[in-house]
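Residue 610 in this note's numbering sits at position 247 of the sequence shown, and the numbers go up by one each step.
Where a beta carbon is used, it is the ideal one built from N, C-alpha and C, also for glycine.
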Amino acid sequence: MQQKPISLIKFQRKFSTERACQKHLFRLRWPDGYKCPRCDHDKYSFHSIRHLYQCKSCKYQVSLTAGTIFHKTRTPLRKWFWLIFLMGRQKSGISMLSLQRMLDIKSYRTVWIMGHKVRHAMAQRDSYYKLAGLIEMDDMYIGSKKSGKQGRGALGKMKIIVAVETKDDKPGFAKMERVENLSKDMISQAFDEHLTDNISIITDGWSPYNALESGNRKHFPVFVGSGENAPKVLPWVHTMISNIKGNLRGIYHGVSTKHISRYLSEFCYRFNRRFWENQLFDRVLTACLNCNTITFAELKT
Ligand SMILES: [Zn+2]
Numbered sequence: 364m365q366q367k368p369i370s371l372i373k374f375q376r377k378f379s380t381e382r383a384c385q386k387h388l389f390r391l392r393w394p395d396g397y398k399c400p401r402c403d404h405d406k407y408s409f410h411s412i413r414h415l416y417q418c419k420s421c422k423y424q425v426s427l428t429a430g431t432i433f434h435k436t437r438t439p440l441r442k443w444f445w446l447i448f449l450m451g452r453q454k455s456g457i458s459m460l461s462l463q464r465m466l467d468i469k470s471y472r473t474v475w476i477m478g479h480k481v482r483h484a485m486a487q488r489d490s491y492y493k494l495a496g497l498i499e500m501d502d503m504y505i506g507s508k509k510s511g512k513q514g515r516g517a518l519g520k521m522k523i524i525v526a527v528e529t530k531d532d533k534p535g536f537a538k539m540e541r542v543e544n545l546s547k548d549m550i551s552q553a554f555d556e557h558l559t560d561n562i563s564i565i566t567d568g569w570s571p572y573n574a575l576e577s578g579n580r581k582h583f584p585v586f587v588g589s590g591e592n593a594p595k596v597l598p599w600v601h602t603m604i605s606n607i608k609g610n611l612r613g614i615y616h617g618v619s620t621k622h623i624s625r626y627l628s629e630f631c632y633r634f635n636r637r638f639w640e641n642q643l644f645d646r647v648l649t650a651c652l653n654c655n656t657i658t659f660a661e662l663k664t
């Protein structure tokens, strides 16, 4: 049986000081003990004022957070830890405004950047995974209702492709990608690298999905007729679509085109680890430790 995630009380007790957070990061960054990034030596001295680990062999100095999402952060690690813990805990996501209040973070800009840095690390971690086996695929549209064409030809809406592996009638790993349009080229460009070579894709028969066919990659169009039948043919992808739409409406109001991909990554990251809820906190921390930071300027572009 799956272990339950740690309670808020226990979490607070465990990570009540900066030192406790640093020790935890140290263990995750160097699970087999310290290793100098330059010469692999395993002995170091700790510079307590500058928080640097100095290799006893080559004298190279490294901070615990260099080359990670936390690089040069001025926010205490305790607040980062809480933010990551709470982002992972809520299946539907959590608004940055409520985190700002809960964690007593002065500016919304700071908490907004923190949230997107964590999402960036989640996206990078999941980018290593390729979908395999039987895959349901469909597209969804996000944005305010506009008059005129609805569905695939709708104007002014964000178009997102959703893919879910299915095995024994249960969902596996999921991926979502925003695309400019639903052309063959765009679908292929967005998803080609996310797929293994041996897959069967089921869609509602939208012909541009044929772009993903090659070798042992097969496309099986299932013509669903009216839109009401689509959830019966593609049950998991439609469950994902209705969940993400609900989340985006309820928690993240008015997500812009620039940032939607990171929200989609956050949603998929949590979904993909739904059976490891108790490990989620350490997994996200590890993803943050293995990811170079991203600046505000980069986030804004
Ligand atoms: Zn060294």
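Apart from the 5 residues on each side of it in sequence, residue 533 has no Cβ closer than 7 angstroms to any other Cβ in its chain. By the criterion of a C-beta distance shorter than 6 angstroms, residue 628 is surrounded in its chain by 482, 485 and 486, once the five residues flanking it on both sides are discounted. When the beta-carbon positions are compared, residue 604 and residue 542 stay at least 9 angstroms from each other. Note on residue 538: 16 or more other CB atoms within 10 angstroms of its CB, so buried under the neighbour-count rule. Within its own chain, the residues whose Cβ lies closer than 6 angstroms to the Cβ of residue 640, once the five positions on either side in sequence are excluded, are 368, listed in chain order. For residue 469, the closest alpha carbon among the candidates 442, 495 and 569 is that of 442. Look at which beta carbons fall closer than 5 angstroms to any heavy atom of ligand 1; those residues are 399, 401, 402, 404, 418, 420, 421 and 423. For residue 524, the uninterrupted beta strand (DSSP E) segment begins and ends at 521 to 530.
The region 573 to 582 makes no contact with the region 640 to 660: fewer than 3 CB pairs, one atom from each, lie closer than 8 angstroms. Annotation: the continuous alpha helix (DSSP H) that includes residue 548 extends over 547 to 554.
For residue 417, the enclosing beta strand (DSSP E) covers residues 415 to 418. Judged by beta-carbon spacing, residue 497 lies within the 9 angstroms limit of residue 530, meaning their Cβ atoms are closer than that value. Note that the C-beta distance between residue 600 and residue 587 is not below 9 angstroms.
Taking C-beta atoms as the reference points, residue 585 and residue 447 fail to come closer than 9 angstroms.
Apart from the 5 residues on each side of it in sequence, residue 405 sits with its Cβ closer than 8 angstroms to the Cβ of 396, 397, 398 and 399 in its chain, given in chain order.
Rounded to the nearest angstrom, the gap between the Cα atoms of residue 609 and residue 616 is 11 angstroms. Apart from sequence neighbours up to five positions away, the residues of its chain that approach residue 445 with a beta-carbon distance below 7 angstroms are 466, ordered along the chain. Sequence-distant Cβ neighbours of residue 581 in its own chain, meaning closer than 6 angstroms and more than five residues away, are 563. The DSSP-derived three-state label of residue 561 is strand.
The residue among 434, 438 and 402 with its C-alpha nearest the C-alpha of residue 422 is 402. Note on geometry: alpha-carbon atoms of residue 429 and residue 645 lie some 18 angstroms from one another. Distances from the alpha-carbon of residue 612 to those of 385, 416 and 457 put 457 closest.
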